[in-house]
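Chemist:
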Amino acid sequence: MEKESFDYSKVPHNFGLCATADCPHADTCLRRITYTHTPASVTFPPTLNPKTIEAMAGKCEYYRSNKKVHYAKGFVRTTEALAVSASGTFRYGLIGSWGIRRYYQKRKGETLLSPAEQQKVIALAKKLGLQQEEYFDSYVEEYNW
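Just so we're on the same page, my numbering is the position in the sequence shown counted from 1, plus 1.
What follows is the structure, encoded as structure tokens:
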């Protein structure tokens, strides 16, 4: 099985990198891995202060695992399956948590849903009487930036 190549273009603009090579978690830390893949064209990458990392004495609070997360993409199928009488409660319940703009971005799949957000959608749909095998339009595996 061929190892997946790292695509630096997917790194969020404000994602902090780590230059600490002797960290015991360097091999699995997304911040360190991203740092090692930073292209020469990025003159000033956002980097954590090595003194801050050193002061944490091996218990880095900025560690980010390089394991990909199972994100959901969109839940239009759920909104269409809800009874008309429950659709407003569902929509306003999630808008109350995320705001109107984020709700529609997540609903259409423009913004991914974390596992915790997926549970929130499923719990609310079930509370309103909707039982389905699948609540989301599709899934993707991505890093937890």
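Just so it is clear, CB atoms sit at the ideal spot from N, CA and C, and this is done for glycine as well.
State the Cα-Cα distance for the pair Ala126 and Arg103, rounded to the nearest angstrom.
Modeler: Ala126 and Arg103: Cα-Cα distance of roughly 18 Å.
Chemist: In whole angstroms, what is the alpha-carbon distance linking Gly89 and Trp146?
Modeler: 32 Å
Chemist: DSSP on Tyr63, reduced to helix/strand/coil?
Modeler: Collapsing the DSSP output to three states places Tyr63 in coil.
Chemist: Rank Pro51, Ile101, Pro40 and Asp23 by C-alpha distance to the C-alpha of Val1 and give the top, closest one.
Modeler: Since the first and last residues shown for the chain are 2 and 146, residue 1 lies out of range.
Chemist: In the DSSP assignment, what are the bridge partners of His71?
Modeler: Its beta-bridge partners are Glu142.
Chemist: Could you check what DSSP says for Met2 in three-state terms: helix, strand or coil?
Modeler: For Met2, the pLDDT reaches just 40, beneath the cut-off of 50, and the residue's location in the model is therefore unreliable, although a value from the coordinates is still provided. In this structure, DSSP gives Met2 a state outside helix and strand, which the three-state scheme calls coil.
Chemist: Within this structure, are the beta carbons of Leu165 and Pro51 separated by less than 8 Å?
Modeler: Past the boundaries of the shown model lies residue 165; the chain is included only from 2 to 146, so the question cannot be answered.
Chemist: I need the straight-line Cα distance from Leu131 to Tyr144, nearest angstrom please.
Modeler: 30 Å
Chemist: Suppose the cutoff is 7 Å on Cβ atoms and the five residues either side in sequence are ignored; what does the same chain contact list for His71 look like?
Modeler: Pro116, Tyr140 and Glu142
Chemist: Please return the same chain residues whose Cβ sits closer than 6 Å to the Cβ of Arg33, not counting the five positions on each side in sequence.
Modeler: Cys19 and Ala27
Chemist: Report the three-state DSSP secondary structure of Thr35 (helix, strand or coil).
Modeler: helix
Chemist: Considering only the alpha carbon of each residue, which of Ala56, Tyr63, Ala87 and Phe91 lies closest to Val122?
Modeler: Phe91
Chemist: Along the chain, where does the alpha helix (DSSP H) that runs through Gly94 open and close?
Modeler: Val85 to Trp99
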